[in-house]
Amino acid sequence: MTTQFHDHVLPDAALAQLFNEARSYNGWLDKPVSDEQLHAIWDLLKMAPTSANMQPVRIVWVKSDEAKARLVECAADGNKDKLAAAPVTAIIGYDIDFHEELPWLFPHTDAKSWFDGDEEGRKEGAFRNSSLQGAYLMLAARALGLDCGPMSGFDADKVNKAFFADEPRHRVNFICSVGYGDPASIFDRSPRPDFGKFNRIA
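Start counting the sequence shown at 1; every next residue gets the next number (UniProt numbering).
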C-alpha cells in the first residue's frame, strides 16, 4: 500500500492518472480543450520549482487552424497528422534572457547579477529548467483530466522562425499536444526498468 510511506501519499487512483496508467497519445478524440483549461495548467505548473525561481519557460499554445498549419509544416512526416488532429499543442520554449525577470521573480537577492555576461550559462540553465517546466506541464494536464502527446520530431529552426520570430531570444525546447487521447492510438506499453537496472544508492 502506498500509505506505508507517509500519511499524505496520493491514493493509487491519482498515481495511476499521473504515472502508472498515463500514456503518450498519438491520436485524439474530437473534444475541445478550453482556454480556461490552459490557464489552469499554467496555474499549476508555475508553482513547481525552478532554480532561483527563474521561470524560463515561454509557451505558445497552438489552437487555431492557421497556427496548426504552420506547426505541421515544421514537423517530421510521422508527426504531421498527430499535430493536425490535436485540439491544442504546447510549444515549450525558453528565454535565453530569463535573468531580466529575476529582480521580481527572486527578490531575495541580486540573482540577475549571477547570469549577467554569461550567455552560455543562461542557455544551459534555461534549457534545463524549461525542460522541468515542460514535464510539470504534462503532470498538470494529467492532473486536470487531460492527456498528453510529447514529441521532439520537428525542425527547431523552423519552429523558432514560425513562432518566435518576434522574440528572437526565445528558443523551442520540445512540443506537447494536449487533449483527450484516443485509446486506439497508443501502442502496448514499452518496458520499464527495475530500480536496480539504472540506480544505485551511494
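Using N, Cα and C, we set each Cβ at its ideal position, and we do this for glycine too.
By the C-beta density criterion, R171 is buried, having at least 16 other C-beta atoms within 10 angstroms. Put simply, the backbone Cα of A76 is about 13 Å away from that of F174. Looking at D194, S34, V60 and D182, the one whose alpha-carbon comes closest to that of E167 is V60.
Assignment of F154 by DSSP, reduced to helix, strand and coil, places it in the strand class. Between A126 and W42, the alpha-carbon positions lie close to 18 Å from each other. Contact check between the segment 189 to 196 and the segment 39 to 58: fewer than three CB pairs, one atom from each, fall below 8 Å, which does not count as touching. CA-to-CA, the gap between G134 and D35 works out to about 18 Å.
Annotated three-state conformation of D35 is helix, per DSSP.
Non-local beta-carbon contacts of P183 in its own chain, meaning distances under 8 Å to residues more than five positions away in sequence, are absent. In this structure, the beta-carbon distance from C74 to V159 falls below 8 Å.
Contact between the segment 135 to 144 and the segment 106 to 126 is absent, with fewer than three C-beta pairs closer than 8 Å. The count of Cβ pairs closer than 8 Å, one atom from the segment 107 to 115 and one from the segment 62 to 72, stays below three, leaving the stretches out of contact. Nearest Cα to W28 within the set I201, Y180 and P56: Y180. Using a 10 angstroms sphere on the CB of V9, the tally of other CB atoms stays under 16, which defines it as exposed. Out of L83, I92, A86 and K161, the CA that lies nearest to the CA of P56 is found in I92.
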